[in-house]
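Here's the structure, in structure tokens; my notes come after.
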Amino acid sequence: LLKQQDLKGLGGVFLEDVQESLPHCDRALKNLAQEILYITRPTDKKKILFYNDKTAT
Numbered sequence: 001l002l003k004q005q006d007l008k009g010l011g012g013v014f015l016e017d018v019q020e021s022l023p024h025c026d027r028a029l030k031n032l033a034q035e036i037l038y039i040t041r042p043t044d045k046k047k048i049l050f051y052n053d054k055t056a057t
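Position one of the sequence shown corresponds to residue 1 (full-length UniProt numbering), numbered consecutively onward.
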């Protein structure tokens with residue numbers, strides 16, 4: 001999902017949305033830790049997930 005968002009230029013996904021949609025999201029996020037960037041918004045402290053594209057220069 002994050003890779004598709006990145007390729008389409010749509011931005012990140014809220015961590016809350018991922019937690020609501022996946023039953024065991026902690027395990028999935030741990031497995032994909034090398035491919036995900038976590039950004040915390042300063043205004044409301046919500047975390048946003050972005051795909052970490054290592055092929056882009």
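All residues carry an ideal CB built from backbone N, CA and C; glycine is no exception.
Each residue's CA atom was taken as its position, placing L32 and Q5 some 16 Å apart.
Partner residues in a beta bridge of K30, as assigned by DSSP, do not exist. For K47, no alpha helix (DSSP H) run applies; the uninterrupted beta strand (DSSP E) run containing it begins and ends at K47 to Y51, by DSSP. Residue pairing by DSSP puts T40 in a beta bridge opposite K47. According to DSSP, V13 shares a beta bridge with L49.
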